[in-house]
Amino acid sequence: MDDLESELRVPGEELGENESSDDDESINRKRIKKPNLPLAPPIFKETPRETGFHKTTRNCLQHIREVLLHHRWQDAAEYMASYSQTLEDTTANMPQLYAEIIWRIGTEILHHHPESKLEDYNSFYERVKHSGVKHYLKKVTAFMSPTGTLLPRLPSEPGMSLLTIKIDKIGLKDAGQCIDPYMTVSVKDVNGIDLNPVQDTPVATRKEDTYIHFSVDIEIQRHIERLPKGVAIFFEFKHYKPKKGFTSTKCFAFMEMDEIKPGPIVIELYKKPTDFKRKKLQLLTKKPLYLHLHQTLHKD
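For the sequence shown, position 226 matches number 225 in numbering that gives the first Met the number 0, and the numbering has no gaps at all.
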(Lines of atoms letter the chains of each structure in order from A; the text may use other names.)
(Lines give C-alpha, C1' and ligand atoms only; values in the text may rest on other atoms or scores of the structure.)
Protein backbone atom coordinates (compact mmCIF):
# COMPACT_ATOMS: atom_id res chain seq x y z
CA MET A 0 0.00 0.00 0.00
CA ASP A 1 2.90 2.37 0.64
CA ASP A 2 3.84 2.09 -3.04
CA LEU A 3 0.32 2.76 -4.27
CA GLU A 4 1.08 6.32 -5.33
CA SER A 5 4.16 5.28 -7.28
CA GLU A 6 2.24 2.44 -8.93
CA LEU A 7 -0.43 4.88 -10.09
CA ARG A 8 1.98 7.27 -11.78
CA VAL A 9 1.39 7.73 -15.50
CA PRO A 10 4.18 7.42 -18.06
CA GLY A 11 6.38 10.48 -18.25
CA GLU A 12 5.80 11.49 -14.65
CA GLU A 13 9.22 10.34 -13.40
CA LEU A 14 12.68 11.03 -14.75
CA GLY A 15 14.59 7.99 -15.97
CA GLU A 16 18.38 7.75 -16.06
CA ASN A 17 18.58 8.63 -19.77
CA GLU A 18 15.78 11.20 -19.88
CA SER A 19 16.50 14.78 -20.94
CA SER A 20 16.32 17.49 -18.28
CA ASP A 21 15.55 20.34 -20.68
CA ASP A 22 13.19 23.02 -19.47
CA ASP A 23 10.58 22.22 -22.13
CA GLU A 24 10.37 18.59 -21.11
CA SER A 25 10.16 19.58 -17.44
CA ILE A 26 7.23 21.89 -18.23
CA ASN A 27 5.47 19.11 -20.12
CA ARG A 28 5.90 16.75 -17.24
CA LYS A 29 4.40 19.30 -14.81
CA ARG A 30 1.33 19.57 -17.03
CA ILE A 31 0.63 15.82 -16.73
CA LYS A 32 -1.88 15.25 -13.93
CA LYS A 33 -2.02 12.20 -11.71
CA PRO A 34 -5.13 10.06 -12.07
CA ASN A 35 -7.95 11.39 -9.90
CA LEU A 36 -8.94 8.16 -8.17
CA PRO A 37 -11.42 8.18 -5.27
CA LEU A 38 -8.99 6.80 -2.70
CA ALA A 39 -10.47 6.67 0.78
CA PRO A 40 -8.64 8.50 3.59
CA PRO A 41 -7.37 6.49 6.57
CA ILE A 42 -10.21 5.33 8.81
CA PHE A 43 -8.52 6.38 12.03
CA LYS A 44 -5.78 8.97 12.10
CA GLU A 45 -4.38 11.30 14.70
CA THR A 46 -6.37 14.48 15.20
CA PRO A 47 -5.62 17.59 17.28
CA ARG A 48 -8.63 16.98 19.52
CA GLU A 49 -8.26 13.25 20.14
CA THR A 50 -8.17 12.11 23.74
CA GLY A 51 -5.80 9.63 25.29
CA PHE A 52 -8.51 6.97 24.96
CA HIS A 53 -8.85 7.59 21.22
CA LYS A 54 -5.10 7.48 20.73
CA THR A 55 -4.88 4.20 22.61
CA THR A 56 -7.67 2.56 20.58
CA ARG A 57 -6.15 3.84 17.34
CA ASN A 58 -2.81 2.26 18.23
CA CYS A 59 -4.59 -0.88 19.38
CA LEU A 60 -6.28 -1.27 15.99
CA GLN A 61 -2.88 -0.94 14.30
CA HIS A 62 -1.47 -3.71 16.52
CA ILE A 63 -4.46 -5.92 15.70
CA ARG A 64 -3.79 -5.52 12.00
CA GLU A 65 -0.14 -6.40 12.45
CA VAL A 66 -0.72 -9.59 14.46
CA LEU A 67 -3.48 -10.72 12.08
CA LEU A 68 -1.02 -10.57 9.20
CA HIS A 69 1.17 -13.05 11.11
CA HIS A 70 -1.78 -15.23 12.23
CA ARG A 71 -1.08 -14.59 15.90
CA TRP A 72 -4.67 -15.25 16.97
CA GLN A 73 -4.15 -15.17 20.74
CA ASP A 74 -2.43 -11.77 20.56
CA ALA A 75 -5.21 -10.54 18.26
CA ALA A 76 -7.86 -11.71 20.76
CA GLU A 77 -6.16 -9.86 23.62
CA TYR A 78 -5.90 -6.64 21.62
CA MET A 79 -9.53 -7.00 20.47
CA ALA A 80 -10.69 -7.29 24.09
CA SER A 81 -9.24 -3.81 24.65
CA TYR A 82 -10.35 -2.33 21.32
CA SER A 83 -13.97 -3.41 21.85
CA GLN A 84 -14.21 -0.70 24.52
CA THR A 85 -14.90 1.67 21.63
CA LEU A 86 -18.48 0.34 21.70
CA GLU A 87 -18.98 2.26 24.95
CA ASP A 88 -17.47 5.47 23.58
CA THR A 89 -20.34 7.98 23.65
CA THR A 90 -18.23 10.68 21.94
CA ALA A 91 -17.57 8.65 18.80
CA ASN A 92 -18.93 10.23 15.62
CA MET A 93 -18.78 6.95 13.68
CA PRO A 94 -20.33 4.33 16.03
CA GLN A 95 -21.60 2.09 13.24
CA LEU A 96 -18.14 2.00 11.67
CA TYR A 97 -16.61 0.96 15.00
CA ALA A 98 -19.15 -1.87 15.29
CA GLU A 99 -18.56 -3.10 11.76
CA ILE A 100 -14.80 -3.21 12.26
CA ILE A 101 -15.16 -5.06 15.57
CA TRP A 102 -17.65 -7.51 14.07
CA ARG A 103 -15.55 -8.35 11.02
CA ILE A 104 -12.24 -8.68 12.83
CA GLY A 105 -13.77 -10.39 15.86
CA THR A 106 -15.48 -13.12 13.84
CA GLU A 107 -12.25 -13.70 11.92
CA ILE A 108 -10.33 -14.18 15.18
CA LEU A 109 -12.97 -16.54 16.60
CA HIS A 110 -13.00 -18.55 13.39
CA HIS A 111 -9.24 -19.15 13.43
CA HIS A 112 -8.46 -19.22 17.15
CA PRO A 113 -7.69 -22.85 18.12
CA GLU A 114 -9.41 -22.56 21.51
CA SER A 115 -12.57 -20.64 20.59
CA LYS A 116 -15.78 -22.13 21.97
CA LEU A 117 -19.49 -21.81 21.33
CA GLU A 118 -19.87 -19.61 24.40
CA ASP A 119 -17.30 -17.19 22.95
CA TYR A 120 -19.31 -16.81 19.74
CA ASN A 121 -22.57 -16.25 21.62
CA SER A 122 -21.03 -13.76 24.05
CA PHE A 123 -19.37 -11.78 21.26
CA TYR A 124 -22.52 -11.76 19.13
CA GLU A 125 -24.72 -10.56 21.97
CA ARG A 126 -22.30 -7.80 23.02
CA VAL A 127 -21.99 -6.27 19.57
CA LYS A 128 -25.65 -6.73 18.72
CA HIS A 129 -26.80 -4.74 21.74
CA SER A 130 -24.09 -2.07 21.61
CA GLY A 131 -26.34 0.80 20.49
CA VAL A 132 -24.92 1.16 16.99
CA LYS A 133 -28.08 1.66 14.93
CA HIS A 134 -28.68 -2.10 14.88
CA TYR A 135 -25.95 -2.73 12.29
CA LEU A 136 -25.87 -6.44 13.06
CA LYS A 137 -29.64 -6.55 13.06
CA LYS A 138 -29.60 -5.39 9.45
CA VAL A 139 -26.90 -7.92 8.59
CA THR A 140 -29.05 -10.71 10.02
CA ALA A 141 -32.23 -9.52 8.34
CA PHE A 142 -30.82 -8.94 4.84
CA MET A 143 -27.96 -11.41 4.57
CA SER A 144 -29.72 -14.27 6.38
CA PRO A 145 -33.48 -14.32 5.67
CA THR A 146 -33.91 -17.29 8.02
CA GLY A 147 -32.33 -15.51 10.98
CA THR A 148 -29.81 -17.80 12.65
CA LEU A 149 -32.03 -20.87 12.83
CA LEU A 150 -30.39 -24.28 12.76
CA PRO A 151 -31.56 -27.53 11.12
CA ARG A 152 -32.80 -30.54 13.06
CA LEU A 153 -30.16 -32.87 14.48
CA PRO A 154 -29.78 -36.41 13.08
CA SER A 155 -32.04 -38.90 14.81
CA GLU A 156 -30.67 -41.55 17.18
CA PRO A 157 -32.34 -44.78 18.30
CA GLY A 158 -34.31 -44.28 21.51
CA MET A 159 -33.70 -40.52 21.55
CA SER A 160 -36.23 -37.68 21.16
CA LEU A 161 -35.83 -34.37 19.37
CA LEU A 162 -38.01 -31.34 20.01
CA THR A 163 -39.36 -28.88 17.44
CA ILE A 164 -41.02 -25.77 18.87
CA LYS A 165 -43.17 -23.70 16.56
CA ILE A 166 -43.41 -20.09 17.67
CA ASP A 167 -46.92 -19.22 16.57
CA LYS A 168 -47.57 -15.73 17.91
CA ILE A 169 -47.07 -13.39 20.85
CA GLY A 170 -49.69 -11.15 22.41
CA LEU A 171 -48.71 -7.56 23.26
CA LYS A 172 -50.88 -4.52 23.88
CA ASP A 173 -48.63 -2.40 21.62
CA ALA A 174 -47.89 -5.10 19.04
CA GLY A 175 -48.47 -2.77 16.11
CA GLN A 176 -45.79 -0.34 17.31
CA CYS A 177 -42.95 -2.88 17.52
CA ILE A 178 -40.34 -2.36 14.80
CA ASP A 179 -38.42 -5.33 13.34
CA PRO A 180 -39.55 -7.78 16.05
CA TYR A 181 -37.86 -11.16 16.41
CA MET A 182 -37.25 -13.88 18.99
CA THR A 183 -34.00 -15.12 20.47
CA VAL A 184 -34.26 -18.73 21.66
CA SER A 185 -31.75 -20.29 24.04
CA VAL A 186 -31.45 -23.36 26.26
CA LYS A 187 -30.03 -22.60 29.73
CA ASP A 188 -29.09 -24.69 32.74
CA VAL A 189 -30.00 -23.73 36.33
CA ASN A 190 -27.09 -21.28 36.41
CA GLY A 191 -28.13 -19.54 33.19
CA ILE A 192 -25.34 -21.10 31.11
CA ASP A 193 -25.97 -21.87 27.43
CA LEU A 194 -26.30 -25.56 26.61
CA ASN A 195 -27.12 -25.08 22.94
CA PRO A 196 -26.32 -22.51 20.24
CA VAL A 197 -28.48 -19.40 20.57
CA GLN A 198 -30.92 -18.99 17.66
CA ASP A 199 -32.65 -15.88 16.30
CA THR A 200 -35.85 -16.05 14.29
CA PRO A 201 -36.38 -13.99 11.15
CA VAL A 202 -38.03 -10.61 11.65
CA ALA A 203 -41.79 -11.02 11.95
CA THR A 204 -43.78 -9.02 9.41
CA ARG A 205 -47.38 -10.01 10.13
CA LYS A 206 -49.25 -8.09 12.85
CA GLU A 207 -52.92 -8.35 13.72
CA ASP A 208 -54.52 -6.40 16.56
CA THR A 209 -52.58 -7.32 19.69
CA TYR A 210 -50.64 -10.18 18.07
CA ILE A 211 -47.36 -10.51 16.22
CA HIS A 212 -47.25 -13.70 14.17
CA PHE A 213 -44.00 -15.65 13.67
CA SER A 214 -45.06 -19.13 12.45
CA VAL A 215 -41.49 -20.38 12.56
CA ASP A 216 -40.00 -23.68 13.75
CA ILE A 217 -37.11 -23.86 16.22
CA GLU A 218 -35.12 -27.10 16.31
CA ILE A 219 -33.69 -27.68 19.78
CA GLN A 220 -30.06 -28.69 19.31
CA ARG A 221 -29.89 -31.50 21.86
CA HIS A 222 -31.80 -34.72 22.43
CA ILE A 223 -34.36 -34.32 25.20
CA GLU A 224 -32.97 -37.29 27.12
CA ARG A 225 -29.58 -35.58 27.29
CA LEU A 226 -30.81 -32.34 28.79
CA PRO A 227 -29.80 -31.97 32.46
CA LYS A 228 -32.26 -31.39 35.29
CA GLY A 229 -33.37 -27.82 35.84
CA VAL A 230 -32.94 -26.81 32.21
CA ALA A 231 -35.26 -24.21 30.65
CA ILE A 232 -35.88 -22.99 27.10
CA PHE A 233 -35.98 -19.18 26.92
CA PHE A 234 -37.76 -16.97 24.40
CA GLU A 235 -36.68 -13.32 24.37
CA PHE A 236 -38.85 -10.92 22.38
CA LYS A 237 -36.72 -8.15 20.86
CA HIS A 238 -37.48 -5.11 18.76
CA TYR A 239 -35.72 -2.02 17.40
CA LYS A 240 -36.03 1.38 19.10
CA PRO A 241 -35.31 4.11 16.52
CA LYS A 242 -35.09 6.97 19.04
CA LYS A 243 -32.43 5.19 21.07
CA GLY A 244 -30.80 3.58 18.06
CA PHE A 245 -30.53 -0.01 19.30
CA THR A 246 -32.35 -3.32 19.60
CA SER A 247 -34.00 -3.91 22.98
CA THR A 248 -35.47 -6.89 24.81
CA LYS A 249 -39.10 -6.08 25.61
CA CYS A 250 -40.04 -9.23 27.51
CA PHE A 251 -39.25 -12.93 27.82
CA ALA A 252 -40.84 -16.29 28.48
CA PHE A 253 -39.54 -19.77 29.27
CA MET A 254 -40.49 -23.43 29.32
CA GLU A 255 -39.24 -25.94 31.86
CA MET A 256 -38.74 -29.67 31.36
CA ASP A 257 -42.14 -30.69 32.77
CA GLU A 258 -43.83 -28.51 30.14
CA ILE A 259 -42.28 -30.37 27.20
CA LYS A 260 -45.30 -32.21 25.78
CA PRO A 261 -46.61 -32.64 22.22
CA GLY A 262 -49.24 -30.13 21.21
CA PRO A 263 -50.03 -26.44 21.77
CA ILE A 264 -48.92 -24.55 24.86
CA VAL A 265 -49.43 -20.98 26.08
CA ILE A 266 -46.81 -19.49 28.42
CA GLU A 267 -46.65 -16.27 30.41
CA LEU A 268 -44.58 -13.21 29.56
CA TYR A 269 -42.21 -11.60 32.06
CA LYS A 270 -40.66 -8.15 32.35
CA LYS A 271 -37.08 -7.53 31.29
CA PRO A 272 -34.22 -7.90 32.03
CA THR A 273 -34.17 -11.59 31.19
CA ASP A 274 -33.69 -13.59 34.38
CA PHE A 275 -31.99 -16.77 33.16
CA LYS A 276 -31.75 -18.09 36.73
CA ARG A 277 -35.53 -17.62 37.23
CA LYS A 278 -35.13 -16.07 40.68
CA LYS A 279 -36.96 -12.72 40.43
CA LEU A 280 -39.81 -12.94 37.95
CA GLN A 281 -42.37 -10.19 37.29
CA LEU A 282 -45.30 -10.65 34.91
CA LEU A 283 -45.33 -8.25 31.99
CA THR A 284 -49.05 -7.59 32.23
CA LYS A 285 -52.21 -8.78 33.97
CA LYS A 286 -54.00 -8.89 30.64
CA PRO A 287 -54.52 -12.29 28.95
CA LEU A 288 -51.57 -11.87 26.58
CA TYR A 289 -49.17 -14.78 26.16
CA LEU A 290 -46.62 -16.51 23.96
CA HIS A 291 -48.31 -19.19 21.86
CA LEU A 292 -46.23 -22.25 20.95
CA HIS A 293 -46.72 -25.70 19.47
CA GLN A 294 -44.42 -28.61 20.35
CA THR A 295 -43.59 -31.67 18.25
CA LEU A 296 -41.51 -34.58 19.55
CA HIS A 297 -39.58 -36.71 17.06
CA LYS A 298 -38.55 -40.15 18.28
CA ASP A 299 -36.74 -42.79 16.24
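Glycine included, every Cβ here is placed at the ideal spot set by N, Cα and C.
Here the structure is a predicted model, which means the values were calculated and not measured.
Does the Cβ of residue i have 16 or more other Cβ atoms within 10 Å, making it buried, or fewer, making it exposed?
i    : result
S185 : buried
E69  : At residue 69 the sequence reads His, which differs from the Glu that was named. The residue in question, H69, is exposed, as its Cβ has fewer than 16 Cβ neighbours within 10 Å.
N190 : exposed
K279 : exposed
Q198 : buried
M256 : exposed
Does the distance from the CB of residue i to the CB of residue j come in under 7 Å?
i    : j    : result
T163 : E218 : yes
H62  : D167 : no
L161 : L150 : no
V202 : D179 : yes
A252 : F275 : no
G170 : Y289 : yes
L67  : Y82  : no
G147 : T200 : yes
M159 : E224 : yes
Check whether the Cβ of residue i lies closer than 7 Å to any Cβ atom in chain B.
i    : result
D173 : Absence of chain B from the displayed structure is noted, only one protein chain being present.
Using only the alpha-carbon positions, how far apart do residue i and residue j sit?
i    : j    : result
H222 : G244 : 39 Å
P272 : T284 : 15 Å
K237 : A76  : 29 Å
V265 : K165 : 12 Å
R277 : L194 : 16 Å
C250 : G229 : 21 Å
W102 : A80  : 12 Å
M301 : I211 : Examination of residue 301 is not possible in this model, given that the chain is present from 0 through 299 alone.
A98  : I232 : 29 Å
Y239 : F213 : 16 Å
H53  : Q220 : 42 Å
N58  : I192 : 35 Å
P196 : L268 : 23 Å
T204 : H111 : 36 Å
I100 : T56  : 12 Å
Keeping to the same chain, check which residues put their C-beta closer than 7 Å to that of residue i; ignore five residues upstream and five downstream.
i    : result
L109 : S115, D119, Y120, F123
P227 : D188
Taking the alpha-carbon of residue i as reference, which of the options has the nearest alpha-carbon?
i    : options               : result
M182 : M79, R71, A80, S247   : S247
R64  : Y78, T55, I232        : Y78
P113 : I101, D74, I100, E99  : D74
H297 : E267, P261, P196      : P261
P241 : I100, H53, C177, H111 : C177
W72  : P263, I100, E107, T55 : E107
Might you give, ordered along the chain, the residues of its own chain that have their beta carbon closer than 6 Å to the beta carbon of residue i, omitting 5 neighbours on each side?
i    : result
D299 : S155, P157
D216 : T163, K165
K206 : A174, G175
H291 : D167, K168, V265
K270 : Q281, L283
P263 : H293
Using a Cβ-Cβ cutoff of less than 8 Å, which residues in the same chain neighbour residue i once the five nearest sequence positions on both sides are dropped?
i    : result
P287 : G170
K137 : Below a pLDDT of 50, predicted positions are generally treated as unreliable, and K137, at 48, falls in that range; the measurement from the model is reported next regardless. Correct list, in chain order: K128, D179, Y239, T246.
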